[in-house]
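Numbering (our numbering), first residue to last: 7 to 295.
Notes to accompany the following structure.
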Amino acid sequence: MATRGKLTIVEGMAISEVIAANWDEIYNFQARPGDVLIDTYPKSGTTWMQEIVDLVVHDGDEQICRRAPIFERMPFLELSHLMKPGMEEINAMPSPRILKTHLPVQLVPASFWRHKCKVIYVARNAKDVLTSYFHFDTIVGIHPDPEPFEDYVLRFMKGDVAWGSWYDHVKGFWEERNEHNVLYILYEDLKKNPQQEIRKVAKFLGKELPEDVLNKIAKLTVFEVMKTNPMANFTGFPKELVDQSDKCFMRKGKVGDWKTMFSAQQLEIFEANYKQQMSNTTLTFSDKI
Ligand code: A3P
7 MATRGKLTIV
17 EGMAISEVIA
27 ANWDEIYNFQ
37 ARPGDVLIDT
47 YPKSGTTWMQ
57 EIVDLVVHDG
67 DEQICRRAPI
77 FERMPFLELS
87 HLMKPGMEEI
97 NAMPSPRILK
107 THLPVQLVPA
117 SFWRHKCKVI
127 YVARNAKDVL
137 TSYFHFDTIV
147 GIHPDPEPFE
157 DYVLRFMKGD
167 VAWGSWYDHV
177 KGFWEERNEH
187 NVLYILYEDL
197 KKNPQQEIRK
207 VAKFLGKELP
217 EDVLNKIAKL
227 TVFEVMKTNP
237 MANFTGFPKE
247 LVDQSDKCFM
257 RKGKVGDWKT
267 MFSAQQLEIF
277 EANYKQQMSN
287 TTLTFSDKI
């Protein structure tokens, strides 16, 4: 990739300089009562959850959910100065809006909490997130070059990647989940038992959907189906931000792909550090296939 963006620090979190430039407007975003926020650390299944939520809201109607690309149906708050729909369009969207963010719990715009908005948080195990993020960062122009992998592992452990520390992000939402209106979902559970997890999402959003509709949503949001759905697979996302000429956004969608990247030595270092960083939480993950 010809040009590469840089990271800077905002409120203790590493973030792309071009996002940091608009931080005040992002943080002062005015949520409205009824807005729903889908929040994740990057590469944790955000797009998957977005598609699920849209289908739940529309009772499994796949035609309606193909009305526009996913990034237009559910705008990405932090990119609202860099692409359409921008802040102006988001502000003009009718309620209830469904928005996407990667902000950690302490940096979610206060208006979401003030209006008691529902937040669906998806977390994925650290090693698969790191692996997915490494591949993704090779095609994200506003982020630094992730190569080589051995350095990326160290950067990830230190939180020196966009949106900061994975450890603080997943723990932060876990600790606060009962203080706010937060549904905490694990990527691995969604993979293992999609219908059960989609039922939780529907219930959280106040939708009573019959089992056949839940089953239909599970089938429509399986990786292989979403990968070929141009309205859900990120085709058409601005090339200046994510250049998919050589690699596509919908990569593998697996649990345990980290095994293709980590050497035995990297794994040892990573696991020892993980134990330390996750010693103060009850949150646990499964990273086995
Ligand atoms: P991989 O790179 O491991 O394949 P996000 O949407 O938060 O950026 O997350 C992207 C990751 O979720 C990618 O992981 C992507 O392939 C995976 N993903 C997207 N849709 C999925 C689906 N329907 N089922 C499982 N994984 C999915």
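Every residue gets a Cβ at the ideal spot worked out from N, C-alpha and C, and that includes glycine.
If I follow the unbroken alpha helix (DSSP H) through residue i, where does it start and stop?
i	result
Lys-281	270-283
Lys-296	An answer regarding residue 296 cannot be provided, because it is not within the stretch 7 to 295 covered by the chain.
Asp-134	132-143
Ala-37	From DSSP, Ala-37 is part of no alpha helix (DSSP H); its letter is neither H nor E.
Thr-52	52-63
Ala-129	No alpha helix (DSSP H) holds Ala-129; the beta strand (DSSP E) holding it covers 124-129.
Suppose the cutoff is 6 Å on Cβ atoms and the five residues either side in sequence are ignored; what does the same chain contact list for residue i look like?
i	result
Tyr-33	Pro-115
Glu-210	Just to set this straight, residue 210 is Phe in the shown sequence, not Glu. Once the five neighbours on either side are set aside, the close Cβ partners of Phe-210 are Leu-189.
Arg-103	Asp-41
Gly-259	Phe-229
Measure the beta-carbon distance from residue i to residue j and round it to whole angstroms, keeping in mind my assumption that it falls under 8 Å.
i	j	result
Phe-118	Ala-168	The Cβ separation is near 21 Å, so there is no contact.
Met-256	Asn-279	Contact flag wrong, Cβ pair sits at about 30 Å.
Pro-81	Ile-96	5 Å
Val-219	Gly-66	4 Å
Pro-110	His-186	Wrong, their Cβ atoms sit about 13 Å apart, outside the cutoff.
Val-135	Trp-172	6 Å
Within the same chain, show all residues whose beta-carbon is closer than 8 Å to that of residue i, passing over the 5 residues directly before and after it, in chain order.
i	result
Pro-150	Arg-10, Gly-11, Lys-12, Leu-13 and Asp-143
Thr-52	Ile-44, Thr-46, Lys-106, His-108 and Val-128
Gly-178	Pro-110, Val-111 and Gln-112
Taking Cβ positions, are residue i and residue j nearer each other than 8 Å?
i	j	result
Ile-191	Leu-61	no
Ile-58	Met-237	no
Leu-196	Glu-68	no
Leu-247	Val-146	yes
Glu-217	Ser-292	no
Could you spell out where the beta strand (DSSP E) holding residue i opens and where it closes?
i	result
Ser-22	19-22
Tyr-173	No beta strand (DSSP E) holds Tyr-173; the alpha helix (DSSP H) holding it covers 172-182.
Can you list, in chain order, the residues of its chain with a C-beta nearer than 7 Å to that of residue i? Leave out the 5 residues immediately preceding and following it.
i	result
His-64	Ile-70 and Cys-71
Asn-28	His-87
Subject >> Runs of alpha helix (DSSP H) lying entirely within the segment 198-262, each at least 4 residues, in chain order >> reply: As far as the segment 198-262 is concerned, its whole alpha helix (DSSP H) runs of at least 4 residues are 200-210, 217-226 and 229-233.
**OP:** Entirely within the segment 79-114 and at least 4 residues each: give me those alpha helix (DSSP H) ranges in chain order.
**Re:** Fully enclosed alpha helix (DSSP H) runs of 4 or longer: 93-98.
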